[in-house]
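Report on the following structure.
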Amino acid sequence: MNAYTKYFVKKAGWYLATLIVALMLNFLLPRLIEGNPVSTIASQVSQGMTDSDSIKRVYENFAREFGIDKPLIVQFGIYLKNLLTGDLGTSFGLYPRKVSDILGSAVPWTVGLQLPAILVGWILGNVLGAVAAYRKGVFDKVLFPVALFINSIPFFTLAIMMLYLFGITLKWFPISGGYDYQMVPNLSLEFIWSVIRHHTLPFLSIVLVTIGGQAIGMREMAIYELNSDYVLYSKLLGIRDSRVARYVFRNAMLPQITGLALSLGTMIGGSLICEIVFSYPGIGTWLFTAIRQLDYPLISGCTLLIAVTVLLANFTVEIIYGIVDPRIKAAQMEEG
Amino acid sequence: MGSTVRILLRSPKFLIGAIITLLMTAFVLIYPLINRADPFEMKALAFQPPSSELWLGSDNFGRDLFLELVYGIRTSVEIGLIAGLIATAIGLVIGLASGYVGRWVDNVLTALTNMFIVIPSFVILILISVSIDSRSAFIVALIIGLTSWPWTARAVRAQTVSLRNRDHVNLAKISGHSTFRIIVFEILPYIASYVFMAFILQVASGILAEASISMLGLGPYDTISLGTMMNWALIFAAPVSGAWWAFIPPALVIAVITFALFLINTGMDEIFNPKIRS
Amino acid sequence: MRLKKASILFVCLVMIFSLLAACSKSSSPGSTQNTQTGSTSSSGGSSSDSGSSDSGGSSGGASGSGETPRNETLYINGLQWGAPTNFNLLSGNPAFPINYGNSRELVYETLFMINMLDGNLEPLLGTSYNWVDDLTLKIELHPEAKWNDGTPFTSEDVVYTYKLGQRYEINWTSYWDYIQDVVAEDAHTVTIKMKPDNPNRLVVLESIELIPMLPKHIWEAIEEKAGYDLAAIRREPNDNPVGTGPYKLYFYNDQKITLIRDDNYWGQVLFGKLPAPKYITHNIYKDNAAGDLAFKNGEVDVSQQFIPQVWKMWEDGAPIKTYLSEAPYYLPGSMPSIFFNTTVPGLDNPDVRRAIAMAIDYAKIAELAMSGYSAPMKPSLLLDTPAENKFIDQDAIKPLQWTTDVDAANKLLDSIGAERGKDGIRVLNGVRLGPYEIECPYGWSDWNAALEIVAQSAKAIGIEIRTKFPEAPVWTNDLQTGKFDIIMNTPAGNVTPANPWSRARTIMYSKGVAPIGEMAFWNWGRYKNERADEIIEKIPTVSDAEAKALYTELTQIWLKDVPSVPLMYRPWVFYTVNESVWKGFPVDGDGSNIPPQIAMDGAGVKALYQISSQ
């Protein structure tokens, strides 16, 4: 078998195994949480009831409807079977809405927030980091501590401070929601403007933090490369600076691209805190609500989505690396 | 050892970071001896602005925010330290084992590590925190430690693999030393500095993780930590009431502590890894 | 550089795509979504988190734009936390305005409207009621009442609605423990016959002001379509509900629910005119803070939310009013209390419980936790309101009532031999009094604050109490299975004719309470007193005058045994109004006798006929 194929097959096999473990974990973990998921809805129905037995019957009826009265193995089997047909189950807390429906409406918001923010932050951060590494001097001395400080601020504190400063005190931006309450989603300019206004603060907060992290990383990689032998040699040979710079940055970029791919992979999971602080209607908010309400299907649905995106991103990166990075080829040859 | 410390002291980043950390530690340890009041005591009305009596005003329960801040820093740093220790210890053991022993042990442990990396630890952290019954500071630290070791493990493994084929190691192998002895005496000293830096990073990320998880309401019960202070501020709508003193000081303090730790880490990195010195 | 251009292009594409996706999702009709009320046992509780996402649905109303003129729309908040899923009373989680026991008179109506000011039941669909004999209640119906689809409202609908509770396990099923039959005597008269062996007038009177009337001609069809299976009936979204009320469902999505006035409303003959607001909208806010901010800015007219330090709002100049112009600003409706697990060593001793009750700083709770909205606590099973205090002999219970007196509490504990150990915590007969965990759901801020105060108060008398704030479903589970030391809950927090009996029963009645480890739905502390059980069983069968002596005796037992300790008075529903757009809301002393029931529940709905937006 060709070295490449062996590499891919091994990788694919491993990722599949991880997927299965992830499936089991995200099925099992929520159900280990103490507390009865039925209680939220059952206690509403049994409000005012005075007979223990009828109240108990209400709880049991709901348990039966939600399918949680069966043994765990059976539930897992049903879960897997439904998964194969694309049915992620029915939410407990938002009964009888389907999980795929809920997720489907939330994903565009999360992606719409995270994707541009990560990309913009990544680009700006890398540019800043590379410039700092290349220019050195004052720019570098100022940039590095500032970037490090911003990176040290926990994301949610940055988010809250921005919310407080720009949203509440200065009133430049709205403080919650995906769009204005008065409005109904449509394609009017007004609506799009409202979405953009609500989008700005969370967007900026993610961009700031990403810039900080990327700048530091890129700066380190660039410095590492700039101090390496081949650069020194090229300089001594008299090769033009700009040419050398191109090689340097190409080499420095590789781990950064990996980083970008992985960030995109964790995009859905990473949005949790941002969405909660800004009340942005994305997957993070739903996941958190689901966990508070013990809404098993919704929790499993969200974590499955997160796990799948991360696995997919990782897998893609590994494949691309296998193709692009000659060292991997060499390692495979060596082992094969 | 002595020479290493002297070299470190010459690095401005390390120095600044270390000084900030030491000053904060000293303050946090000494102040409670001077002001023996109970931080849980509700002295004033809710959300009173800073005054000469209450330097940072009062929180939503009417407690002295300045005093709470001091105790909060202590708790958060303690949690960070314990979480960091646990994470580093686990990461070290797994990294060394998979790096040095290799073969199937390596495959299994690497698979395990990758699995933990890939499944977002924060989500697992949330799920586990919701499911346990009693949440004390120690348990929270334990959970954070148990979910954040993979990076250390991976890094240690990489270092161990590169050291594996060095001459002195081979010499020890030929001499018939046991695997355990080789790991402890031949490999460990060379990665000690690296492990220490990893430990610092783990402590910083432990503090951040505690703050994040507490802010979501899943932190330790009945404890004052920086994260829980921010959590209460948010539940009682401090930003909307304009009570900035309830949440901005803890936020800034977290930032300063982690900043100091990152500085220490970068300072050490530059010393031990001359290639990235600017 | 190509990478950069490519990524910018990609970003733009993704943003456009996501916008489109978001928009298109919203126009899918009738997508069902769901509610989640903030409290399980008391209305008007503090909220828990809920997310709002984008997809929406429009009802069978007129246009789908959802926007309404500000001066024709009344905005309310605090009754809906979370996206609406359905408008079906039988589902267990219907959205505003179909919530059971809240905003009752908007779409569906009840036979009579309760007025919390005097406890009377005012006529609506029913014009009068009287007890023809000990077991039979006769109700006359309004001859001109009709459903909003034109069909007349008759006694058949009443019988049908009641009997739904007999066939299926729904909110009003338990009335059938006491009712034998509901009979339509003629088109406009209904009689309710109680069971001879288990009569309970109080509960029957509660039913006539609580059960919303459902149209037989609509729901019979729904039942048949669902094959008479409750699970299937529950899935019916019912997003164009046919009721007798003055409003119809107009528009809803994850962010708001809007009702439109039915200008053919039958009740014009009763009230003389139509309600003033043409539209009523409930915006769904993520949490208290967001809702309070919107209310302060005049985006909401009536708020059912807990607003901390509300007086600051009108001191800042906003035209905001509460029912009472001075503290406590709100009328009391319930008493959130802590319940002791009487099987836990140490807490099984009534003196220990009493000492804890005496140590608690109630004034601080009222001030700090309830933001001053609670009058000073006078412990009793009954509320100190005109509706309830006619049932109690104040002088008889006064000597037993406790007040905050830390010294007396310490003396009490010393006298029973609970000595302080080295760490300051007392030990009684070898049992260390602590650590006891006291719990309430996380995020219910006023409760959280109250429990922190209780824990601090207990420290002063040498008892160690630690606070614990788990998630709401976990707290519910702990409550029901008795897995707690001390737990906070509101016993029977609604204003109904069945109170104070309901409240006493919830606190003290021991029959039907499963042992610790299994689910119990009242008397969670598993308190047992046979005389109390006897009294509780007797009260619904005697006249009001005789009940007074029984209530007094029961309260004396409660004061001696202290199975629960009320921490504060809480309003049944919060009623705060912002008069920047709509003026004329009822307040105390205006002579209108319109209760502060958020302008849309029970007799409170009369407010809608009084306000104007000019």
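Read top to bottom, the protein sequences are chains A, B and C. For the first sequence, full-length UniProt numbering begins at 1 and goes up steadily by one. For the second sequence, full-length UniProt numbering begins at 1 and goes up steadily by one. For the third sequence, full-length UniProt numbering begins at 1 and goes up steadily by one. Every residue, glycine too, gets a C-beta built ideally from N, C-alpha and C.
Check whether the Cβ of residue i lies closer than 8 Å to any Cβ atom in chain A.
i, result
"residue 179(B)", "no"
"residue 446(C)", "no"
"residue 48(C)", "Legend: pLDDT at residue 48(C) = 31, less than 50; position of this residue unreliable, value from coordinates given subsequently. Judged by the 8 Å Cβ criterion, residue 48(C) is in contact with chain A."
"residue 278(B)", "For residue 278(B), the predicted model reports a pLDDT of 44, less than 50, meaning its position is unreliable; a value from the coordinates is still stated below. Yes, its Cβ sits closer than 8 Å to a Cβ of chain A."
"residue 110(C)", "no"
"residue 521(C)", "yes"
"residue 312(C)", "no"
"residue 472(C)", "yes"
"residue 608(C)", "no"
"residue 503(C)", "no"
"residue 71(C)", "no"
"residue 115(B)", "yes"
How about residue i and residue j: are their beta carbons less than 8 Å apart?
i, j, result
"residue 173(A)", "residue 201(A)", "yes"
"residue 262(C)", "residue 248(C)", "yes"
"residue 408(C)", "residue 358(C)", "yes"
"residue 207(B)", "residue 76(B)", "yes"
"residue 540(C)", "residue 158(C)", "no"
"residue 566(C)", "residue 335(C)", "yes"
"residue 191(B)", "residue 156(B)", "yes"
"residue 91(C)", "residue 234(C)", "yes"
Any beta carbon of chain C sitting closer than 8 Å to that of residue i?
i, result
"residue 134(A)", "no"
"residue 218(A)", "no"
"residue 53(B)", "no"
"residue 51(A)", "yes"
"residue 74(A)", "no"
"residue 157(A)", "no"
"residue 202(A)", "no"
I'd like to know whether the C-beta of residue i is nearer than 8 Å to at least one C-beta of chain B.
i, result
"residue 124(A)", "no"
"residue 388(C)", "no"
"residue 468(C)", "yes"
"residue 153(A)", "yes"
Taking 7 Å as the cut-off, is the CB of residue i close to at least one heavy atom of the ligand GTP?
i, result
"residue 125(A)", "Ligands in the displayed structure: none, and consequently the ligand GTP is not present."
Between the alpha carbons of residue i and residue j, how many angstroms are there, rounded?
i, j, result
"residue 56(B)", "residue 248(B)", "10 Å"
"residue 79(A)", "residue 19(A)", "15 Å"
"residue 131(B)", "residue 141(C)", "53 Å"
"residue 6(B)", "residue 126(A)", "34 Å"
"residue 134(B)", "residue 140(B)", "10 Å"
"residue 151(C)", "residue 550(C)", "47 Å"
"residue 366(C)", "residue 83(C)", "33 Å"
"residue 3(B)", "residue 254(B)", "32 Å"
"residue 274(A)", "residue 433(C)", "43 Å"
"residue 103(A)", "residue 77(A)", "22 Å"
"residue 483(C)", "residue 519(C)", "10 Å"
"residue 196(A)", "residue 587(C)", "42 Å"
State the beta-bridge partners of residue i as determined by DSSP.
i, result
"residue 340(C)", "486(C)"
"residue 113(C)", "122(C)"
"residue 104(C)", "According to DSSP, which records beta bridges pairwise, residue 104(C) is partnered with nothing at all."
"residue 280(C)", "74(C), 259(C)"
"residue 334(C)", "570(C)"
"residue 131(C)", "137(C)"
"residue 436(C)", "465(C)"
"residue 181(C)", "193(C)"
### Query
Are at least three pairs of beta-carbons, each pair with one atom in the stretch 270–289 of chain A and one in the stretch 95–115 of chain A, less than 8 Å apart?
yes
### the stretch 402–414 of chain C / the stretch 435–445 of chain C touching (three or more Cβ pairs under 8 Å)
no
### Task
Assess, as a yes-or-no matter, whether the stretch 182–201 of chain C is touched by the stretch 121–138 of chain C under the definition of 3 or more beta carbon pairs within less than 8 Å.
yes
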